[in-house]
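Numbered according to our numbering, the sequence shown spans residues 34 to 221.
In this text, a Cβ means the ideal position worked out from N, Cα and C, and glycines have one as well.
The structure appears right after this line, and notes come after that.
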Amino acid sequence: MRADARAKRAALQTAGAELFAEQGTDVPLSAVAVRAGVGIGTLYRHFPTRGELYLGVMEAVVEKVEAAAAELETAWDQDPRATWQAAAHELGRLRIGALVEGADPQRKAAFEEAGWDRVLQLRDRLFDRLGALLRRGKEAGLVREDLSPAQFYFGLAVVTRPLPETVTQTMPVDLSWLVGAYFHGLRP
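Below, the structure is given as structure tokens:
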């Protein structure tokens, strides 16, 4: 793929992730194209279906979680508490809760062309990486021992998923506070 095509694809993935986080996965595809600064034809060339766009967004977010976890890996031994807080901040910033709605098994039909199996593979990669972060947090005594990777993920998903527009219009939402409160509640 040419460099300009890769850049447009990445812009679409970023725009999709932002809009999924703000409005949910049913956001108009034209809004994704506008946010990415490309035409709708470019979106459809890269992602012919909504399911494929969702997969592209999910893949980009999972890769960012993996990269952040790898970057934090060397810091655990020096300062586990600061590393755990950095992980919380980064996971909150990525707003993985927006991915939950699209990966609902009831929406499986939307992914037949794009591949439901791929959704499950990406989910498993995400769970593996979150599980590794959780293990490090437990080893450092920062997290309750009885918390499973799935519980960790779904709790994080709840506090980072898109809020109803009526909520976001009437009061500012401090996502970092919500994520911080969630991580605080995981302490032993």
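For the alpha helix (DSSP H) containing Pro182, name the first residue and the last one.
Against the sequence shown, residue 182 aligns to sequence position 149. Note, Pro182: alpha helix (DSSP H), Pro182 to Thr193.
List the whole-angstrom C-beta distance separating Leu105 from Ala120, where the pair is believed to meet the contact cut-off of C-beta under 8 Å.
Sequence index remark: in the sequence shown, residue 105 carries index 72 (1-based). Sequence index remark: in the sequence shown, residue 120 carries index 87 (1-based). Their Cβ separation, rounded to whole angstroms, is 6 Å, which keeps Leu105 and Ala120 in contact under 8 Å.
With a threshold of 16 other CB atoms inside 10 Å of the CB of Phe80, please say whether the residue is buried or exposed.
Taking the sequence shown and counting its residues from 1, the one referred to as residue 80 is at position 47. Of the other Cβ atoms in all chains shown, 16 or more fall within 10 Å of the Cβ of Phe80; this residue is therefore buried.
What's the call for Ala103, buried or exposed, on a 16-neighbour Cβ count within 10 Å?
Here residue 103 refers to the residue found at position 70 of the sequence shown. With a 10 Å radius around the Cβ and a threshold of 16 neighbouring Cβ atoms, Ala103 comes out exposed.
Check this for me: beta carbons of Leu45 and Leu76, under 7 Å apart or not?
Reading the sequence shown from its first residue, position 12 is the one you call residue 45. Reading the sequence shown from its first residue, position 43 is the one you call residue 76. It is a contact, given that the beta carbons lie within the stated cut-off.
Start and end of the alpha helix (DSSP H) containing Thr107?
Taking the sequence shown and counting its residues from 1, one reaches residue 107 at position 74. Premise fails: Thr107 is in no alpha helix (DSSP H) and is neither H nor E.
Give a yes or no on contact between the stretch 174-189 and the stretch 81-90, applying the rule of three or more CB pairs nearer than 8 Å.
Contact fails: fewer than three Cβ-Cβ distances are below 8 Å.
Rounded to whole angstroms, what's the CA-CA distance from Ala38 to Gly72? Just pull it up for me.
Indexing the sequence shown from 1 puts residue 38 at position 5. Indexing the sequence shown from 1 puts residue 72 at position 39. Rounded to whole angstroms, the gap between the alpha carbons of Ala38 and Gly72 is 13 Å.
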